[in-house]
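Everything on this sheet refers to the single structure shown next.
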Amino acid sequence: MEEEKGGLGRTPVTIGGEVERVDGRALRYEEFVERYLMPNRPVLLTGLMDDWRAATDWLAPDGRAPNLPFFAAHFGDSVVQVKPSSLVHACLPL
116 MEEEKGGLGR TPVTIGGEVE RVDGRALRYE EFVERYLMPN RPVLLTGLMD
166 DWRAATDWLA PDGRAPNLPF FAAHFGDSVV QVKPSSLVHA CLPL
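Quick note on the working numbering: the sequence shown kicks off at 116 and runs consecutively.
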């Protein structure tokens with residue numbers, strides 16, 4: 116599978132081949148370093164976020180939209196800094 120990535124003034128990069136998927140829960144750090152980090156080989160680690168509360172608490176029952184009642188209940192009085200951005204990609208839809 117080859118795919119070209121680019122846009123927004125970036126130089127296109129051709130991505131070829133397949134990226135190995137590995138269950139990160141079963142991968143020792145030393146093995147990760149030897150097999151992927153040192154040879155600079157890409158890998159997609161799966162299963163590492165399955166138990167994160169953010170994956171359930173932060174999402175509405177549809178699994179896509181933010182859980183606004185949760186945020187209001189837990190962070191409704193929080194003060195956050197908002198900074199305008201001139202970067203084009205900061206306003207792009209996901």
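The C-beta atom is built at its ideal place from N, Cα and C for all residues, glycine as well.
Quick caveat, the model's predicted, so the values are computed rather than measured.
| query | result |
| --- | --- |
| How big is the Cα-Cα spacing for Met153 and Arg136? | 17 angstroms |
| Using DSSP's beta-bridge definition, name the partner residues of Asp165. | Answer by DSSP bridge pairing: none, since Asp165 is not bridged. |
| Can you tell me which of Phe186, Phe147, Gly131 and Pro157 puts its alpha carbon nearest to the alpha carbon of Trp173? | Phe186 |
| What are the boundary residues of the beta strand (DSSP E) that Glu135 is part of? | Glu135 to Asp138 |
| Relative to the C-alpha of Thr161, which residue among Glu149, Val194, Arg125 and Asp138 is closest? | Asp138 |
| Going by beta carbon distance, what residues of the same chain come within less than 8 angstroms of Lys198, once the five residues before and after it are set aside? | none |
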